Amino acid sequence: MSPLTLESVSVRYSRAGTHFDAVHDVSFSVAEGEVLALVGESGSGKSTLARAIVGLTPISMGSITFDDKPLPTRGRRPVGIVFQNPLGSLDARMSVEKALVEILQVHRLVPASQRRQRCHELLELVGLPQEVARLKPGSLSGGQQQRVSIARAMAAEPRILILDEPVSALDVSIRAQVLRLLDDLRSRLGIGLLFIGHDLAVVRQLADRVAVLYRGELVEMASAEQFFASPEHEYSRLLLDSVPSLASPAKREETTAVSENGDNDDNDDNDDES
Amino acid sequence: MVVNTRPTGNGTRLEVKHLSVEVHRDTGWRQAVRDVSFTVESGERVALVGESGSGKSLTALSIAGLLPQGARIADGEILLDGLDLVTADKKTLRRIRGKTVGFVFQNPMTSLDPLVRVGSQVKEALRAHHIGDRKSRASRSVQMLERTGIHDADDRVHNFPHQFSGGMQQRAMIAGALAADPSLLIADEPTTALDVTVQARVLALLKSLSEERALSLLMITHDLAVASQIAERVIVMYAGRVLEDAPVRTIVERPHHPYTEALLALVPDLRNAVDLPAPIPGNPIPGWDAGSGCPFATRCLHARDECTDTPWSLRSIAPEHLSACIRDQASRDAEVLIR
């Protein structure tokens, strides 16, 4: 079953009479219980697409549906989102409990009498001790902050969670903890994950399927096995070859004379890494 | 191509001895870097690897003489070609900075002046050190940008930084840092903000530049895989201390300290399907929260009482291999048997 479905989605930016598709004709679906990784570099349109799915950016063509129905914008939303920088999405002056209670209140998710109880359940769900409830984001570690962001996203009981570079800002030793949590949410609750990232090493550890976005277009969609063993698209191969590994130090020789188109971001409009 | 090639010098370029750095927190000065010692030989590429709070950047900034307000060198020596930078006067430091030591930082946009054309910024590096005349500085700045892989450099020198992509900005930074032909380049996470394909090219560029000019490179990174691509030697830092120092092959194939082992286990092998790696429990700690024993002991799977009781020290466990882990070979073998 594929509850989240994108069909021929385009996101167009217009400026001074010229149009530019940050996302062009993208179709895919995410099933419950699966991890689909959407990979691409800055300017590929991956974050634009993530924002479009949750309604933060309007789409100019195509459709985004959940169980064949348009996505609701209020109440129990079936698709949640977690951003890269947890401090950016948490109010520094608000305690963790207040931040969680607020979400429950705004979206009228549980009756007032049950909000505190639900808040404690959410903390438990993301593996945070209850003492954290009283604390403000600033006194939490990066990993704990990201857990709070995930708890906030889980408050609406989504069936699909979009994760926009959720571990890129975390220390390597903390990354694995958060990835474990996400994998755990998937297997325990059966939610689907749309994991957006540029770090193929992380994708390797988590994804069932991989979708590659290049300059706004989907250039490859394959099972993780297939993608990592024999990527089809030239750009996918370049991506894989570029990942530094411990096994093969610097095989690539510097070739300054060779054209380096990928280094020239001609489409600055499309730079969606903010 | 750059004509200016220096013959490979011999000997030690940089020697950091017992460096301690303090930072000011609300209750006073706290020790963030503790008793750090290492060397960088002439033409050698060394990576300083650690997570946030490990003290790697403070160490680099100390060498650069660029510690921010609220941080100070509390103890130790930093010898560059035998000259102690900690006690050197300002005039000497000004002469050395940028000329003998070049710097490249993580985010090029914080180092490049957005209002000054790229070529002028490279020229400024030369003018500040009274290198060449107006004309030769102009041609050298074009040459440097070309060498770092900027196409149509003679046109591009007239661009402002925002007209460059992230990778090109980082190349321009490298061009500026190398313009005065320094003998040591300190690069603090130079590729962290870049896309992976651009990162690969910038790493290859740094490597070839260092080989070509016998340039010593001290690269600061949180990523062991990146370190292993470029460095000949890796120094692993944690909580303001050095935990291991060895040639890159040794670090990758025969790591001694459990923290190094744990970091290595987190670097996935893309070719083979792997389960999620077991996370390192707990969080990284700042130097001032570490006791006198092994700072990693609280998170270490092998820790025993003596790990926290025995004062930290770096010991030679094999030629060119230093480790702060007190477990001896016998107990390591025994652990393997038990497992």
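Same order as they appear, the protein sequences are chains H and Y.
Final position of the first sequence in the numbering used here is 289; the numbers increase by one with none missing.
Final position of the second sequence in the numbering used here is 321; the numbers increase by one with none missing.
Yeah, the Cβ is synthetic: ideal placement off N, Cα and C, and Gly gets one too.
This one's a predicted model, so the numbers in the text were calculated from it and none came from an experiment.
Is there a Cβ of chain Y sitting closer than 9 Å to that of H/F243, yes or no? In the first sequence, the residue the question calls residue 243 of chain H occupies position 228. True, the Cβ-Cβ gap to chain Y drops below 9 Å.
Residues of chain H with a CB under 8 Å from the CB of Y/Q181: which are they? Taking the first residue of the second sequence as position 1, residue 181 of chain Y is located at position 199. Correct list: S257, P259.
Rounded to whole angstroms, what's the CA-CA distance from H/Y250 to H/S44? Just pull it up for me. As a first step, residue 250 of chain H is located in the first sequence; it is residue number 235 there, counting from the start. As a first step, residue 44 of chain H is located in the first sequence; it is residue number 29 there, counting from the start. Between H/Y250 and H/S44, the alpha-carbon positions lie close to 22 Å from each other.
Below 9 Å between beta carbons: does that hold for H/A191 and H/P152? The residue you call residue 191 of chain H lines up with position 176 of the first sequence. The residue you call residue 152 of chain H lines up with position 137 of the first sequence. Judged by their CB atoms, H/A191 and H/P152 are not nearer to each other than the 9 Å cut-off.
Quick check on the DSSP output: the alpha helix (DSSP H) that includes H/G207 runs from which residue to which? Indexing the first sequence from 1 puts residue 207 of chain H at position 192. Annotation for H/G207: no alpha helix (DSSP H) segment contains it, though the beta strand (DSSP E) segment containing it runs 207 to 212.
Span of the alpha helix (DSSP H), counted from its first residue to its last, around Y/S2: Numbered from its first residue, the second sequence carries residue 2 of chain Y at position 20. That residue, Y/S2, is in no alpha helix (DSSP H); its beta strand (DSSP E) goes -6 to 7.
CA-CA distance, H/A168 and H/V69? In the first sequence, counting from the first residue as 1, residue 168 of chain H sits at position 153. In the first sequence, counting from the first residue as 1, residue 69 of chain H sits at position 54. Between the C-alpha atoms of H/A168 and H/V69 there is a straight-line separation of about 12 Å.
Taking the CB atoms as reference points, tell me whether H/D179 and H/I206 lie closer together than 9 Å. Counted from its first residue, the first sequence places residue 179 of chain H at position 164. Counted from its first residue, the first sequence places residue 206 of chain H at position 191. Not closer than 9 Å, so no.
Among all the DSSP beta bridges, which residues are the ones paired with Y/A228? Position 246 of the second sequence holds residue 228 of chain Y. Beta-bridge pairing links Y/A228 to Y/V216.
With a threshold of 16 other CB atoms inside 10 Å of the CB of H/L228, please say whether the residue is buried or exposed. The sequence position of residue 228 of chain H within the first sequence is 213, counting from 1. With 16 or more Cβ atoms within 10 Å of its Cβ, H/L228 is classed as buried.
Within 9 Å (strictly less), CB to CB, does H/F35 reach chain Y? For the purposes of this step, residue 35 of chain H is identified with residue 20 of the first sequence, where counting begins at 1. So, not an interface residue.
For H/E235, is the classification buried or exposed, using 16 other Cβ atoms within 10 angstroms of its Cβ as the cut-off for buried? As a first step, residue 235 of chain H must be located in the first sequence, where it is residue number 220. Around the C-beta of H/E235, 16 or more other C-beta atoms lie within 10 Å, and the residue is accordingly described as buried.
How big is the Cα-Cα spacing for Y/H0 and Y/S36? Within the second sequence, numbered from 1, the residue matching residue 0 of chain Y stands at position 18. Within the second sequence, numbered from 1, the residue matching residue 36 of chain Y stands at position 54. Each residue's alpha carbon lies about 16 Å from the other.
Alpha carbon to alpha carbon, how far is Y/E226 from Y/S305? Translated into positions along the second sequence, residue 226 of chain Y becomes position 244. Translated into positions along the second sequence, residue 305 of chain Y becomes position 323. Going from the Cα of Y/E226 to the Cα of Y/S305 covers about 4 Å.
Suppose the cutoff is 7 Å on Cβ atoms and the five residues either side in sequence are ignored; what does the same chain contact list for Y/P293 look like? Residue 293 of chain Y sits at position 311 when you count from the first residue of the second sequence. Closer than 7 Å at Cβ, skipping near neighbours: S274, G275.
Opening and closing residue of the alpha helix (DSSP H) in which H/R219 lies: Stepping through the first sequence from its first residue, residue 219 of chain H is reached at position 204. Note, H/R219: alpha helix (DSSP H), 215 to 221.
Rounded C-alpha distance that separates Y/A300 from Y/I45: Residue 300 of chain Y sits at position 318 when you count from the first residue of the second sequence. Residue 45 of chain Y sits at position 63 when you count from the first residue of the second sequence. Computed Cα separation, rounded: 28 Å.
CA-to-CA distance, H/V258 to H/A265, given in whole angstroms: Here residue 265 of chain H corresponds to residue number 250 of the first sequence, with the count starting at 1. Here residue 258 of chain H corresponds to residue number 243 of the first sequence, with the count starting at 1. Annotation note: pLDDT 41 at H/A265 (below 50); position unreliable, coordinate value reported separately. If you draw a straight line from the Cα of H/A265 to the Cα of H/V258, it comes to about 10 Å.
Do you know how far the Cα of Y/R309 is from the Cα of Y/R330? Any question about residue 330 of chain Y goes unanswered here, given that chain Y covers just -17 to 321.
Continuous alpha helix (DSSP H) stretch holding Y/T290: start and end: Taking the second sequence and counting its residues from 1, the one referred to as residue 290 of chain Y is at position 308. For Y/T290, the enclosing alpha helix (DSSP H) begins and ends at 287 to 291.
Would you kindly report the start and end of the unbroken alpha helix (DSSP H) that includes Y/V124? Your numbering for residue 124 of chain Y matches position 142 in the second sequence. That run of the alpha helix (DSSP H) goes 116 to 129.
Quick check: the segment 200 to 215 of chain Y against the segment 142 to 158 of chain H, are at least 3 beta-carbon pairs closer than 8 Å? In this structure the segment 142 to 158 of chain H does not lie against the segment 200 to 215 of chain Y, because fewer than three pairs of beta carbons, one per stretch, are closer than 8 Å.
Look at the alpha carbon of Y/V350 and the alpha carbon of Y/M219, and state the distance between them as a whole number of angstroms. Because residue 350 of chain Y is not part of the residues shown, which for chain Y are -17 to 321, the question remains open.
Cα-Cα separation, H/S260 to H/A222: Here residue 260 of chain H is taken as the residue at index 245 of the first sequence, counted from 1. Here residue 222 of chain H is taken as the residue at index 207 of the first sequence, counted from 1. Approximately 19 Å between the Cα atoms of the pair.
Where does the unbroken beta strand (DSSP E) through H/M109 begin, and where does it stop? Taking the first sequence and counting its residues from 1, the one referred to as residue 109 of chain H is at position 94. Careful: H/M109 lies outside any beta strand (DSSP E) and carries neither H nor E.
Determine the closest residue to H/H213 out of H/S202, H/R203, H/V225, H/P246, with distance taken between C-alpha atoms. Numbered from its first residue, the first sequence carries residue 213 of chain H at position 198. When only C-alpha atoms are compared, the closest one is H/V225.
Pairwise C-alpha distance: H/P173 and H/E268: If you number the first sequence from 1, residue 268 of chain H lands on position 253. If you number the first sequence from 1, residue 173 of chain H lands on position 158. Bear in mind that the predicted position of H/E268 carries a pLDDT of just 39, short of 50, making it too unreliable to give a figure here.
Counterpart residues of H/P93 in DSSP-defined beta bridges: Within the first sequence, numbered from 1, the residue matching residue 93 of chain H stands at position 78. H/P93 is not bridged to any residue.
For H/L140 versus H/V111, is the C-beta distance shorter than 9 Å? As a first step, residue 140 of chain H is located in the first sequence; it is residue number 125 there, counting from the start. As a first step, residue 111 of chain H is located in the first sequence; it is residue number 96 there, counting from the start. Contact annotation: H/L140 and H/V111 have beta-carbon atoms that are not nearer than 9 Å.
Outcome for Y/G149 when other beta-carbon atoms lying within 10 angstroms are tallied against a minimum of 16: Counting from 1 along the second sequence, the entry for residue 149 of chain Y is found at position 167. That one is buried.
Looking only at its own chain, which residues have a Cβ that is under 6 Å from the Cβ of Y/R16, when we skip the five neighbours before and after it? Looking up residue 16 of chain Y in the second sequence gives position 34. Close CB contacts of Y/R16 within its chain, under the 6 Å cut and outside five residues either way in sequence, are with S2, G222, R223, G269 (chain order).
Of the residues Y/I267, Y/A29, Y/G84, which one's Cα is nearest the Cα of Y/L166? As a first step, residue 166 of chain Y must be located in the second sequence, where it is residue number 184. Nearest C-alpha to Y/L166 among Y/I267, Y/A29, Y/G84: Y/G84.
Is DSSP giving H/R224 helix, strand or coil here? Taking the first residue of the first sequence as position 1, residue 224 of chain H is located at position 209. H/R224 falls in the strand class under three-state DSSP.
Going along chain H, which residues have a C-beta under 7 Å from Y/E243? Working through the second sequence from its first residue, we reach residue 243 of chain Y at position 261. Chain-order list of chain H residues neighbouring Y/E243: empty, with the shortest C-beta distance near 12 Å, by a criterion of under 7 Å.
Per-residue contacts from H/I189 into chain Y (C-beta, under 9 Å): On the first sequence, residue 189 of chain H is found 174 positions in, with the first residue counted as 1. Simply E33, P261, I262, N265, P266.
Going by beta carbon distance, what residues of the same chain come within less than 6 Å of H/A92, once the five residues before and after it are set aside? Residue numbering aside, residue 92 of chain H sits at position 77 when the first sequence is read from its first letter. It is worth fixing the name first, because residue 92 of chain H is Arg in this sequence and not Ala. So the qualifying residues of the chain are A171.
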